[in-house]
Amino acid sequence: MIEIFWDHTAVVVMHAWDTGTREQYPGWHRAVEYIPRAERICRRGQLLQGIPRCLRALELTGPPPPPPEQAEPDEVLLRLRRFREENVFPGKHNMEDVKRGFQRIDFASQARSQGDEGIAEDGHQLFALCRHYKVNHLIYARFAINWCLLLSPGRMAEMSRHGIMCSAFR
-14 MIEIFWDHTA
-4 VVVMHAWDTG
6 TREQYPGWHR
16 AVEYIPRAER
26 ICRRGQLLQG
36 IPRCLRALEL
46 TGPPPPPPEQ
56 AEPDEVLLRL
66 RRFREENVFP
76 GKHNMEDVKR
86 GFQRIDFASQ
96 ARSQGDEGIA
106 EDGHQLFALC
116 RHYKVNHLIY
126 ARFAINWCLL
136 LSPGRMAEMS
146 RHGIMCSAFR
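Read in my numbering, the sequence shown has 88 at position 103, and its numbers run on one by one without any break.
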């Protein structure tokens, strides 16, 4: 049995969105492979039951850090980015549905924060909540933790740089 100090542990649920139906946004559902799995997990609704620690508010954060400095794109890079967007992800045939879906994005009803649980939009806000509540261990829940754990704001590597232990539910 692994020892967990729940007073210093919080659960992170990433991208538990209400993504509408496949009929409403077929291109979004084609482009984002994890949507059906995330919906099944939300419907079961048992993932977060019994977790005693919750986070509260975003007013704890100061101003966001500046975005990382960017390399100067040349014409070839701009064409490659456009090619990738149109032909790889999300794909030209999916773009309109993805755009419409994001315009109405919301939390899945099963994943809405309750009581004084916090919501963080990025790693800066998540670390502010961790610091405020003396959280030193984050457990990421199984929604889109494959890609999201590596590349989304609040990812494990980002939080580990702050000295936070990061793990995931299986």
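In this text, a Cβ means the ideal position worked out from N, Cα and C, and glycines have one as well.
All values derive from a computational prediction rather than experimental measurement.
- Here the C-alpha atom of E8 lies approximately 28 Å from the C-alpha atom of E106.
- The stretch 109 to 143 is shown to contain whole alpha helix (DSSP H) runs of 4 or more residues at 130 to 136, in chain order.
- Note that the C-beta distance between A113 and L65 is not below 8 Å.
- By the 16-neighbour rule on beta-carbons within 10 angstroms, I90 is exposed.
- In the three-state reduction of the DSSP assignment, A(-5) falls in the strand class.
- In this structure A153 is exposed. Its beta-carbon is surrounded by fewer than 16 other beta-carbon atoms within 10 angstroms.
- Counting of Cβ neighbours within 10 angstroms places P51 among the exposed residues, the total staying below 16.
- Under DSSP, the beta-bridge partners assigned to M150 are H122.
- Taking 8 Å as the cut-off, the Cβ atoms of I(-11) and H117 do not count as close.
- With fewer than 16 other Cβ atoms inside 10 Å of its own Cβ, Q99 counts as exposed.
- With contact defined as three or more Cβ pairs closer than 8 Å, the stretch 60 to 80 and the stretch -5 to 2 are not in contact.
- The three-state reading of DSSP puts D59 in coil, since its state is none of H, G, I, E or B.
- R22 and G47 have their C-alpha atoms some 35 Å from each other.
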